[in-house]
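To start, the structure under review is shown below, and the notes come after it.
In the numbering used here, the protein residues as written are 161 to 753.
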């Protein structure tokens, strides 16, 4: 079983949103990552002073065009190496996938030094997939009881033996073997179990160096992937970049598990920026991603949105975890037994309707809470919050490929896929600002406030797991797109501040929801307009704010301020807040794991 900290999405929530930032992992503050969008030369009606007009934005494929790149391999995780039935290989056919990620455990093949036995059923099953024209990404952990006591190999003999084993695998599978992922989730506790006194980052890179020199000259087609982090783990990967990993790999493997798809592009951009500080960035492979929700529509939406965001951000390979539902990882499979799940239908729709037509290009819709992407000449994907869109020509389909009635359609959290459309018209959202969809961009900024009420702006801070707005001086304070935490206690609070600065005059209505585990003494919150409190309270389990109305002039500030109440600890919480046009606010649903 994969090295996750907890079953299903609980692992992603633990790392991304709730606990990881209190671990004290080393991190670094960096400038905000840049996400590329395309200006459409579209037009939008301008609001009158003091109110937000229901503007209309139009655009065409021509005005939003950038050269499209083709080539995204969407694969799936299998566990034939762990005893899955070989019959399940046939389930890849209705998915139309040509890429599988699995492993051929080193110790199961080399039981006598230098002797390789590839006769096992898992190897034969994977070879069958190769015979059908498939491609393999193999995750091979560098551990074998024959070398270095069964720990991560660290001796010259152990590294050479590992490299020789990979060379033997390449001989066995040939050109079907397209990528080797060296280790699995190596930022997890105990994964790099080198002997005491060994620099784990240098030892891992030294092993990659031996592997690269051994296999690349004769196998230039195989990609050697380093890193393999649970979630994206830019802070951990930066420690590897600093000791030369970029020189001896062809790609960086990450597992971008998270509560929702939104924000993947932000972290991928941040990882690329980190690589740029140490050399030429290498391609990023998302070798595991998934959403472990009983709500199949939410999981399906996450699948489609993740692929679009990853592809748009420059990722070219991704593998959904997993092909088949598993007892210890419920809800994450594309099949339950031999029965395809809705997520499986969404997966196939992505294969058929999106991937063959080029790289998605993010279209600039101004400050609207929408994600609109153009794909090729006449395909589009859109999701967002409380707006409507109509397309010039074409057919609008849901995430499963089912056609919707002609005419304007509502923009919501589930992605819509459009084919054959030459342009679009968007009616402005009733929502002016949203903490999740606009995280890290536009009019939002993030701060820490000390007990003297002095604010310090936060940059992106990288940990061994996810990245967030924060800094090394205020840990465990953090702010990401759906969760946050203050630091300190009632006597010496360090408050987390989420700030919206009005880009124009408007009349708005604020709605918000905050939730946390019912432990500790709660998190105090205060919402202010230019320093004047408009709502306040203490979040013990769930707190909602609805219908708070006020006017904003250009440059006015709305602050969501969160403190530790009286005692330190148990202060992680989920949050979401929106500013809507006055009279058009609705209840906000709290984000959940």
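Think of the CB as a built atom: it goes at the ideal place given N, C-alpha and C, for glycine as much as any other residue.
Go ahead and pull the three-state DSSP assignment for residue i.
i	result
residue 666	strand
residue 176	In this predicted model, residue 176 has a pLDDT of only 34, less than 50, meaning its place in the structure is not dependable enough to derive any value.
residue 429	helix
residue 550	strand
residue 469	helix
residue 226	Note that residue 226 scores a pLDDT of 41, beneath 50, so its modelled location is shaky; the value from the coordinates is reported in the next line. Residue 226: coil per DSSP, three-state reduction.
residue 605	strand
residue 510	helix
residue 417	coil
residue 356	coil
residue 186	Note that residue 186 scores a pLDDT of 39, beneath 50, so its modelled location is shaky; the value from the coordinates is reported in the next line. Here residue 186 sits in coil by DSSP.
residue 396	helix
residue 409	coil
residue 767	The chain is shown from 161 up to 753; residue 767 falls before or after that span and cannot be answered.
residue 297	strand
residue 197	Note that residue 197 has pLDDT 44, beneath the 50 cutoff, so the model's placement of it is unreliable and no number is given.
residue 214	Per-residue confidence for residue 214 stands at a pLDDT of 42, beneath the threshold of 50, marking its modelled position as unreliable; the derived number appears in the next sentence. Coil.
Out of curiosity, what's the CA-to-CA distance linking residue i and residue j?
i	j	result
residue 253	residue 588	42 Å
residue 596	residue 406	32 Å
residue 180	residue 233	Bear in mind that a pLDDT of 29 at residue 180, under 50, signals an unreliable position, so the number given afterwards is only what the model happens to contain. Roughly 30 Å between the two C-alpha positions.
residue 685	residue 541	36 Å
residue 304	residue 286	21 Å
residue 195	residue 530	Any reading at residue 195 needs caution, since the residue's pLDDT is 47, under 50, leaving its predicted position unreliable; the model's value is listed next. Roughly 15 Å separates the two Cα atoms.
residue 443	residue 412	6 Å
residue 482	residue 240	12 Å
residue 400	residue 297	22 Å
residue 651	residue 726	7 Å
residue 791	residue 395	Because the chain is modelled from 161 through 753, residue 791 falls outside the range shown and cannot be assessed.
residue 238	residue 484	8 Å
residue 236	residue 306	31 Å
residue 586	residue 283	52 Å
residue 522	residue 288	39 Å
residue 466	residue 422	8 Å
residue 785	residue 514	Because the chain in this structure spans residues 161 to 753, residue 785 falls outside the shown range and cannot be described.
residue 262	residue 386	16 Å
residue 648	residue 604	24 Å
residue 614	residue 656	12 Å
residue 449	residue 581	30 Å
Count the other CB atoms, across all protein chains shown, that sit within 10 Å of the CB of residue i; report buried if there are 16 or more and exposed otherwise.
i	result
residue 229	Bear in mind that a pLDDT of 46 at residue 229, under 50, signals an unreliable position, so the number given afterwards is only what the model happens to contain. So residue 229 counts as exposed.
residue 692	exposed
residue 601	exposed
residue 714	exposed
residue 301	buried
residue 555	exposed
residue 224	Low local confidence applies: a pLDDT of 47 at residue 224 is under 50, so the model's placement there is unreliable, with the coordinate-based value given in what follows. Residue 224 comes out buried.
residue 499	exposed
residue 477	buried
residue 275	exposed
residue 676	buried
residue 611	exposed
residue 473	buried
residue 633	exposed
Could you spell out where the alpha helix (DSSP H) holding residue i opens and where it closes?
i	result
residue 322	316 to 333
residue 579	Not the alpha helix (DSSP H): residue 579 falls in the beta strand (DSSP E), residues 576 to 579.
residue 366	360 to 375
residue 285	281 to 291
residue 653	Careful: residue 653 lies outside any alpha helix (DSSP H), inside the beta strand (DSSP E) at 653 to 661.
residue 593	Not the alpha helix (DSSP H): residue 593 falls in the beta strand (DSSP E), residues 591 to 594.
residue 266	266 to 269
residue 255	252 to 255
Span of the beta strand (DSSP E) holding residue i?
i	result
residue 709	702 to 712
residue 627	627 to 630
residue 741	733 to 741
residue 692	692 to 699
residue 530	530 to 535
residue 726	Premise fails: residue 726 is in no beta strand (DSSP E) and is neither H nor E.
Cβ of residue i within 7 Å of Cβ of residue j?
i	j	result
residue 415	residue 390	yes
residue 299	residue 347	no
residue 711	residue 703	no
residue 359	residue 384	no
residue 311	residue 353	yes
residue 673	residue 748	yes
residue 718	residue 742	no
residue 578	residue 551	yes
residue 716	residue 662	yes
Is the CB of residue i under 7 Å away from at least one CB in chain D?
i	result
residue 538	Absent here is chain D; the protein component of the structure consists of one chain.
Say yes only if the C-beta of residue i is nearer than 6 Å to one or more non-hydrogen atoms of the ligand MN, and no if none qualify.
i	result
residue 533	With respect to the ligand MN, the structure shown offers nothing to examine, as it has no ligands at all.
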